[in-house]
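The structure under discussion appears below in the form of structure tokens.
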Amino acid sequence: MNNKKSVVFDYGMIVVGTAITAIGINSFYVPAKISDGGVSGIGIILLYVLHIPLWVTLTVLNVPLLWLSKKLWGNRVGLRTVFGTFMLSLMVGIMHFGAVTHNILLATVYGGLLSGVGLGLVFRGRGTTGGSDVIARLLIRFLPLTMGQGMLAVDFFVIAGFGVIFNPTLAMYSLIALFISSRAIDVVQEGVSYARAFTIVSRDPDTIAARVLATMDRGVTRIGAYGEYTKEPREILYVVVTRGEVSTLKELVYSIDPQAFVVVATVHEVVGEGFRKPPVES
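Residues in the sequence shown are numbered consecutively from 99, following the numbering used here.
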């Protein structure tokens, strides 16, 4: 039963995500003649140059790309990928609300946010919306590039096309949209950086660990280590807290050991006791 609920939830995320992405494309990107790259960017260029509806381009380009992926690399094209691909084409075809703003900067910012949030939700639902990654795979097959560099090259050439066909200013705005969209995808997938991880090296780890447990009600993990300079065994304390508890933990540590060595790192997502519950396996 939980498995069925999880599958329904994933497909629901893909539907909502493609709808949000379509609004970002139709209401912000298309009127402003900008894009964050990919197949949708090619579609916007063809919309203005050849007057081909965007949803048609998305479908016509993505279907052979999905087929090519399976043919060349034997990849199993999952149902979520096929569903996400066609849902984006459908949503782009029906979600028309007109231009929300004629300010190109606002269109860049909000188009990038909506596109990124929408795609992030699709990825959280374990789906994808197209085959620009297949184009990247073709590039790295013939050129000495990594997958990440291949994806960047695809987006770069699409955005460069905006500069050549329209004007360089629109290409520069498109680069901003790409950055905003990428960051929004990361936030949706990884979460906002609401937690901090402390790595603490101290001469009095017992007292610090006991005080953290007693006064902050946070778990403490001890990690065995060896000091190369002192040639002595040491214990490292690892503690994860919320942003609001950072100052409290710092004060606690230095009140016990003013010479403690402390490293504070940003944590995007924490799953477990005291934080978010673990997801149900599907």
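Quick reminder that beta carbons are idealized off the backbone N, C-alpha and C, glycines included.
Distance check between Ile233 and each of Val220, Arg224, Gln247 places Gln247 closest, using alpha-carbon atoms only. As summarised for the segment 195-243, the continuous alpha helix (DSSP H) elements at least 4 residues long and confined to that stretch are 202-222, 230-240, given in chain order. Straight across, the Cα-Cα distance linking Pro162 with Pro266 is about 31 Å.
Per DSSP, Tyr327 has no beta-bridge partner at all. The Cβ-Cβ distance between Val128 and Leu156 does not fall below 8 Å.
With contacts defined by Cβ atoms closer than 8 Å, Val215 and Ile274 do not form a contacting pair. Distance from the CA atom of Glu326 to the CA atom of Thr305, rounded to whole angstroms, is 24 Å. Close CB contacts of Arg222 within its chain, under the 7 Å cut and outside five residues either way in sequence, are with Met111, Val286, Gln287 (chain order). Here Leu211 is actually not in contact with Ala120; their C-beta atoms are around 14 Å apart, not less than 8 Å. Secondary structure of Gly289 (DSSP, three-state): coil. The Cβ neighbour count for Leu159, taken over all protein chains shown within 10 Å, is at least 16; the residue is labelled buried. Thr364 is bridged by DSSP to Arg294.
For Leu335, the secondary structure class from DSSP, reduced to helix, strand or coil, is strand. Just measuring C-alpha positions, the residue of His366, Gly122, Val338, Phe296 sitting nearest Phe359 is Phe296.
Residue burial is scored here from C-beta neighbours: Arg239 has fewer than 16 other C-beta atoms within 10 angstroms and is therefore classed as exposed. Judged by DSSP secondary structure, Gly182 falls within the alpha helix (DSSP H) whose first and last residues are 177-192.
Assignment of beta-bridge partners to Val299 by DSSP yields Ile334, Phe359. Beta-bridge partners assigned by DSSP to Thr340: Ala293. If you check the CB distance, Ile354 and Ile334 do not come in under 8 Å.
Each of Ala312, Val106, Asp134 was checked against the Cα of Gly261, and the nearest Cα belongs to Asp134. Approximately 15 Å separates the beta-carbon atoms of Thr227 and Leu276; this is outside 8 Å, ruling out the contact. A buried status is given to Lys131, since no fewer than 16 other beta-carbon atoms sit within 10 Å of its beta-carbon. Membership of Ile132 in any alpha helix (DSSP H) is not indicated, and neither H nor E is assigned to it by DSSP.
For Ile150, the three-state secondary structure derived from DSSP is coil.
One Cα belongs to Gly115, the other to Arg316, and the distance between them is close to 35 Å. Between Arg294 and Val339 the beta-carbon gap is near 6 Å, inside 8 Å, which marks them as a contact.
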